[in-house]
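Peer 1:
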Ligand code: MN
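In my numbering, the protein residues as written are 1 to 183.
Here it is in structure tokens:
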């Protein structure tokens, strides 16, 4: 059996049996963390231990709260940011976004605008009223690029606005710009 380990501690195992074929086992720990977080959110359980552990480790590039109700986007954006050295905390509605901002004090927030319970615009307004998150950089994400969206997001208190499907490269560049500008 061949085992390859990547930088994140993940691994790929390849097992070949003559006449049967090959079997590949892929372990991606950081993606499991995201899925575990998501499951806890959906079941209303307390955050899993893996997240607490991730938070206690010093983040190389900072912690990002990803507030997004679409699981495919959570995984795509979340794993991309993790691969760029960020700690990612997730929330699937506006109320969770506020709770988790208070609990984990992220360096930056990505806020989907269309979310259940409390939409992203209202979540941003509430975060701006709280001194602890009044100056945290926020990037608003919206699915439908409607005229006036940008203005609405900036007026609510977002620093930047990107429409989905978002270019991951542009997203990371925008994050670096905002984090760099803050320092
Ligand atoms: Mn949404």
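Every residue, glycine too, gets a C-beta built ideally from N, C-alpha and C.
It should be emphasised that the depicted structure is a prediction, and the values quoted were computed from it without experimental measurement.
What's the gap between the Cα of residue 164 and the Cα of residue 127?
Peer 2: Looking up residue 164 in the chain shown gives position 164. Looking up residue 127 in the chain shown gives position 127. Cα to Cα, the separation comes out at about 22 Å.
Peer 1: In the DSSP output, what is residue 124 paired with across the bridge?
Peer 2: For the purposes of this step, residue 124 is identified with residue 124 of the chain shown, where counting begins at 1. Paired residue(s): none; residue 124 is not in a bridge.
Peer 1: Would you check whether the ligand MN has a heavy atom nearer than 7 Å to the C-beta of residue 114?
Peer 2: Taking the first residue of the chain shown as position 1, residue 114 is located at position 114. The answer is yes for residue 114.
Peer 1: Taking only heavy atoms of the ligand MN into account, decide whether any of them is closer than 7 Å to the Cβ of residue 68.
Peer 2: One-based indexing of the chain shown puts residue 68 at position 68. Result yes, Cβ under 7 Å from the ligand MN.
Peer 1: Note down, in chain order, each residue of its chain lying with its Cβ closer than 7 Å to the Cβ of residue 122, except the 5 sequence neighbours on either side.
Peer 2: Taking the chain shown and counting its residues from 1, one reaches residue 122 at position 122. These residues qualify, in order along the chain: 94.
Peer 1: Does any C-beta atom of chain B lie closer than 8 Å to the C-beta of residue 102?
Peer 2: This model lacks chain B altogether; it includes just one protein chain.
Peer 1: Return the chain-ordered list of same chain residues with a C-beta closer than 7 Å to the C-beta of residue 133, the five sequence neighbours on each side being excluded.
Peer 2: As a first step, residue 133 is located in the chain shown; it is residue number 133 there, counting from the start. Same-chain partners within the cutoff: 101, 127.
Peer 1: Check whether the Cβ atoms of residue 104 and residue 63 lie closer than 8 Å to each other.
Peer 2: Translated into the one-based positions of the chain shown, residue 104 becomes position 104. Translated into the one-based positions of the chain shown, residue 63 becomes position 63. Yes, the Cβ-Cβ distance between residue 104 and residue 63 is below 8 Å.
Peer 1: Verify whether the separation of the beta carbon atoms of residue 112 and residue 68 is less than 8 Å.
Peer 2: Against the chain shown, residue 112 aligns to sequence position 112. Against the chain shown, residue 68 aligns to sequence position 68. Closer than 8 Å, so yes.
Peer 1: Are residue 156 and residue 109 touching if we call contact CB-CB under 8 Å?
Peer 2: Stepping through the chain shown from its first residue, residue 156 is reached at position 156. Stepping through the chain shown from its first residue, residue 109 is reached at position 109. No, the pair does not count as a contact, with Cβ atoms beyond the cut-off.
Peer 1: Tell whether a beta-carbon distance below 8 Å holds between residue 138 and residue 158.
Peer 2: Your numbering for residue 138 matches position 138 in the chain shown. Your numbering for residue 158 matches position 158 in the chain shown. In contact: residue 138 and residue 158 (Cβ atoms closer than 8 Å).
Peer 1: Grab the span of the beta strand (DSSP E) containing residue 81 for me, first residue to last.
Peer 2: Residue mapping note: residue 81 aligns to position 81 of the chain shown, counting from 1. Element bounds for residue 81: not the beta strand (DSSP E) but the alpha helix (DSSP H), 71–83.
Peer 1: Is it the case that the CB of residue 62 approaches a heavy atom of the ligand ADP more closely than 7 Å?
Peer 2: Absence of the ligand ADP from the depicted structure is noted, with the ligand MN being the only ligands included.
Peer 1: Can you give the Cα-Cα distance for residue 146 and residue 16, rounded to whole angstroms?
Peer 2: Taking the chain shown and counting its residues from 1, one reaches residue 146 at position 146. Taking the chain shown and counting its residues from 1, one reaches residue 16 at position 16. Each residue's Cα considered, the two are about 53 Å apart.
Peer 1: Pick helix, strand or coil for residue 67, following the three-state DSSP scheme.
Peer 2: Mapped onto the chain shown, residue 67 falls at position 67. Here residue 67 sits in strand by DSSP.
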